[in-house]
């Protein structure tokens, strides 16, 4: 399931502007833009249209193949490699918006340490880099998450675990998600508050970390609670429908 794309709508519903940079899946259709396409959203716009949508909704999605067209030449090679490559490390660093606040995920602590140093040198004001168990690139509800946090120019490292937030730890293999059809159904069920609690907890914990990174809340726990309330009030659904409408040219 595409947690980060869902979290983008949670954040914008909570008043935090989000410019998400991403792509379609390199091996299977499970990337951010595969999900948006399946949900009926447009995303490949001219800059002025993109800016207008962002101004109105506080969320936009930058399609990597549009902003980095040379990368089209390596799509086939990445698919043939059938493993993570240097592009998995470099792509998160290439957001054309050059955000001052950023949250990234990676599957390896060593890679996370490298990303932290690069982002620090790039001048980010604040960032979180998360490495979840068991080897996932998001905040985990299936084990501990190692975090690199930059605040006031200093990078600190620490671990969090689901029980810190009153979350029941769940085996990662039991969390729903898979192909594009299933992921889109899960997304829409989330908006209707009809999804399994494990998915809601996973999305809200990741959105909560982003709320904290931006300074919208004073802790990840407060961000988690805020995220849940936005779903319960229907504000995430409202935000998604607003973006979908405007992306399709309907004011």
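In our numbering, the protein residues as written are 16 to 266. Beta carbons are placed, not taken as given, at the ideal position from N, Cα and C, and that holds for glycine.
Using the Cα positions of residue i and residue j, report the straight-line distance between them to the nearest angstrom.
| i | j | result |
| --- | --- | --- |
| residue 66 | residue 31 | 16 Å |
| residue 150 | residue 193 | 17 Å |
| residue 25 | residue 222 | 7 Å |
| residue 160 | residue 266 | 41 Å |
| residue 56 | residue 148 | 32 Å |
| residue 230 | residue 237 | 11 Å |
| residue 49 | residue 130 | 25 Å |
| residue 187 | residue 227 | 24 Å |
Assuming contact is defined by CB atoms lying nearer than 8 Å, are residue i and residue j in contact in what I supplied?
| i | j | result |
| --- | --- | --- |
| residue 139 | residue 165 | yes |
| residue 235 | residue 144 | no |
| residue 76 | residue 116 | no |
| residue 154 | residue 220 | yes |
| residue 182 | residue 152 | no |
| residue 16 | residue 263 | no |
| residue 256 | residue 71 | no |
Closest to residue i by CA distance: which of the options is it?
| i | options | result |
| --- | --- | --- |
| residue 27 | 202, 252, 198, 213 | 252 |
| residue 210 | 246, 118, 182, 161 | 246 |
| residue 52 | 248, 224, 232, 195 | 195 |
| residue 33 | 258, 264, 263 | 258 |
| residue 156 | 172, 162, 177 | 177 |
| residue 185 | 214, 114, 35, 153 | 214 |
| residue 172 | 19, 158, 132, 230 | 132 |
By DSSP's criteria, residue i is part of a beta bridge. Which residues make up the other side?
| i | result |
| --- | --- |
| residue 164 | 143, 171 |
| residue 117 | 142 |
| residue 83 | Residue 83 pairs with nothing; no bridge assigned. |
| residue 75 | 34 |
| residue 151 | 147 |
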